[in-house]
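Read the structure below first, then the notes.
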Amino acid sequence: MVVVKMSDWTGDIGQEIRNSFGELMVGLPQPETILSVSQVAPDGFSSMMKGSRNILIISEGDKENFSIRKNIYAKPQTVVYVQAKDDAGIIKILQERKEEIRRTFLDADIAFTQNIFEGQVDENVKYKTLDNLGLSLLIPDKFKTVDDTGEFLWLRNHLTSGIAKSGSNNILVYSVPLGDETQVADSIVAVRNMIGKKYIPGSKPETMHMITEEAYTPYTFDAIIDGKKAYETRGKWEVKNDFMAGPFLNYTVIDKKNNRLVIVEGFTYAPSVNKRAFLFELEAIAKSLKIK
């Protein structure tokens, strides 16, 4: 929710906000923005509007100001304030701080979602693979076990609403030995293709299995998971020799203490519908990873 004058919203400031926070998320088959952005004028910023979880307040003033505050009007809530003397000053702050603002809002939503998951975890469910690998994850009880070998865990949530009801959200957890640390990022696709061939068959297992889509190069970013160096990879998966496909989100964590890579991956199969929300849920689960 962006609180800004309508004249600013329709001008250069609004354009900068849409450019900064309306960027498309990588790795999705349909174009979807990283954040959904809406505007309200300051005089229309009512008590109902003040209940929004993420708020960006733009104003003009004598002093330049950028600040982030929590739980001003509601809880949980993140409010970012941007103030400068004129349009150019406001735009300058937005350009310099856009990554920080975006990450602040997304991290707040991750924490909010994880808090919800904490109330949905069935403490009676034990996963052999997590126990063997010394891992813990916040896994909502709607996810059911597809495979749990002790070395490889596959969980699935069948989507039940609307047009997506034939689809599913999936979580994979496994580990591989740590080799040359400088080659980890370059090996992510090869590792997930190896796992797909071994554990994730298609309708004809002898000729079909999950692979990384060959026509689309995944995007890999630096990340931190459980305080450890990691890589976040977003791309598309497909089933070799079949027509199933969708987006995936892979976190490869360098666990030096145990000389291994711990991998938590989420992938979605939901034909014909937007998938940002499904991937976000999988991201929140993956980022709850703790290595014992």
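In my numbering, each residue's number is its place in the sequence shown (first place is 1) plus 90.
Backbone N, C-alpha and C fix where the C-beta goes; we use that ideal spot for every residue, glycine too.
Of all C-beta pairs linking the region 263-281 to the region 326-333, fewer than three are shorter than 8 Å, placing the two stretches out of contact.
Taking a cut-off of 8 Å for Cβ pairs, the region 158-178 and the region 189-197 touch, as three or more such pairs fall below it. A Cβ-Cβ contact shorter than 8 Å links E241 with Y264.
In the structure shown, the three-state DSSP call for D197 is helix.
Taking 8 Å as the cut-off, the Cβ atoms of R324 and Y309 count as close. Between the region 175-190 and the region 344-354, the count of Cβ pairs shorter than 8 Å is below three; the stretches do not touch. Taking 8 Å as the upper bound for CB-CB distance, N259 and E371 are in contact here, some 7 Å apart. Secondary structure remark: continuous beta strand (DSSP E) runs of at least 3 residues inside the region 256-331, in chain order: 258-267, 300-302, 309-315, 318-329. In this structure, the alpha-carbon of R143 lies about 10 Å from that of I162. The Cβ atoms of N340 and I285 lie no closer than 8 Å to each other. Put simply, of M298, D238, E190, M138 the residue whose alpha carbon is nearest the alpha carbon of S157 is E190. Burial state of N214 is exposed, judged by a 10 Å Cβ sphere holding fewer than 16 other Cβ atoms.
Residue range 218-223 is occupied by the alpha helix (DSSP H) that includes L223. Going by DSSP, F370 is part of the alpha helix (DSSP H) stretching over 366-376. When the alpha-carbon of V363 is set against those of M91, R246, L118, E150, the nearest one is in L118.
Each residue's CA atom was taken as its position, placing T342 and K382 some 16 Å apart. Around the beta carbon of D98, a 10 Å sphere encloses 16 or more other beta carbons of the protein chains shown; the residue is thus reported as buried.
Each residue's CA atom was taken as its position, placing H299 and L125 some 33 Å apart. For N109, the uninterrupted alpha helix (DSSP H) segment begins and ends at 102-111.
Every beta strand (DSSP E) stretch that sits fully inside the region 142-177 and reaches 3 residues is listed by chain position as 144-150, 155-160, 168-174. Note on G134: under 16 other CB atoms within 10 angstroms of its CB, so exposed under the neighbour-count rule. Counting along the chain, D345 sits inside the beta strand (DSSP E) bounded by residues 335-345. Checking the DSSP bridge columns, you'll see R192 has no partner listed. Nearest in C-alpha terms to E355, of all of I290, N109, A131, G224, is I290.
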